[in-house]
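A.B. asks: Would you mind keeping the following structure in view while I ask a few things?
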Amino acid sequence: MTGTENARLAVGLMSGTSCDGVDAAFVQISGPVHAPMVEFVAFAYLPYGDALRKRLLDPEKSGAEICTLNVELAEAFAAAALTAIARAGHAPADVSFIASHGHTLCHYPPGARSAYRGTLQLGEAAYIAEKTGCDVVSNFRPRDMAAGGQGAPLVPYADWLLFRRTGQAVATLNIGGIANFTVLLEKADEVYAFDSGPGNMLIDGCLSLLGHESRYDLDGALAATGKTIP
């Protein structure tokens, strides 16, 4: 890791709609706010057990179940964060903040075909803070929707900070549970992003319907045996 003066150490936590587990990335951030240098340092992945994954995918969860899952997921997030911190050779006291997205349970943005409007992520930030001793930043989607946004895609500004090129248009593709594109232009207010179609969530679901034991298509091996339809 580069010894940069005034650098901040941070951990990012993510659990996608594929419900496979928690990803934790330990990074060092330095430089000015409008053009930061982000150095990847360490990574940890904590898979969900079959029982927890089944509960997350259950469409008929009770209020009590949602309440307990909120805490159980927070404990899993905290464990993943502490593992990433240890792998980076640091202690929690060295970390400036943990950014936790949480696990999306429901997402009904403005304009969706639903009478509801809102978004809910599980993984209580207060529990993560208590378990790790670190400051925790969360509620990214609700904040955007409260300001009138869609709450998704979530990373266009980060993509612009990290991947923009002077004099060029750049497109990034994120194949998460749902796939989405970000189109990067020179100015931040020119950036636009949108969901582009099914991602890993539906692919994983197809494997389950076909009776495969694996939760996912490792390296796309099964997909590679198919034929494209012109």
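Numbering (my numbering), first residue to last: 6 to 235. Backbone N, C-alpha and C fix where the C-beta goes; we use that ideal spot for every residue, glycine too. Since we're looking at a predicted model, the values are computed, not measured.
1) Which residue wins for smallest C-alpha separation from Arg-13, given the options Ser-20, Ser-35, Ile-133 and His-108?
2) Near Gly-138, what residues of its chain come up, given a Cβ to Cβ distance below 8 Å and the 5 sequence neighbours on each side ignored?
3) How is Thr-22 classed by DSSP in three states: helix, strand or coil?
4) Specify the secondary structure class of Asp-28 as computed by DSSP and reduced to three states.
5) Would Asp-224 and Ile-208 qualify as a contact pair, given that the criterion is a beta-carbon distance under 9 Å?
6) Tell me which same chain residues have a C-beta within less than 7 Å of the C-beta of Ala-84, skipping the five on either side of it?
7) In angstroms with no decimal places, state the Cα-to-Cα distance between Ser-238 and Gly-17.
8) Hey, Glu-44 and Val-32 are a contact pair by Cβ (cut 8 Å); roughly how many whole angstroms apart?
9) To the nearest angstrom, how far is the alpha carbon of Gly-181 from that of Arg-146?
C.D. replies: Once the coordinates are examined:
1) Of all alpha-carbon atoms in Ser-20, Ser-35, Ile-133 and His-108, the one lying nearest the alpha-carbon of Arg-13 is that of Ser-35.
2) Excluding sequence positions up to five before and after Gly-138, its CB lies within less than 8 Å of the CB of Pro-97 and Ala-98, all in the same chain and listed in chain order.
3) Residue state, collapsed to three classes: coil.
4) Three-state DSSP puts Asp-28 in a strand.
5) Not a contact, by the Cβ cut-off of 9 Å.
6) The residues Leu-51, in chain order, have a CB closer than 7 Å to that of Ala-84 in the same chain once the five nearest residues on each side in sequence are set aside.
7) The shown model of the chain, from 6 to 235, leaves out residue 238, and the question about it has no answer.
8) Separation of the CB atoms of Glu-44 and Val-32 is rounded to 6 Å, and the pair is thereby assigned contact status at 8 Å.
9) Each residue's Cα considered, the two are about 16 Å apart.
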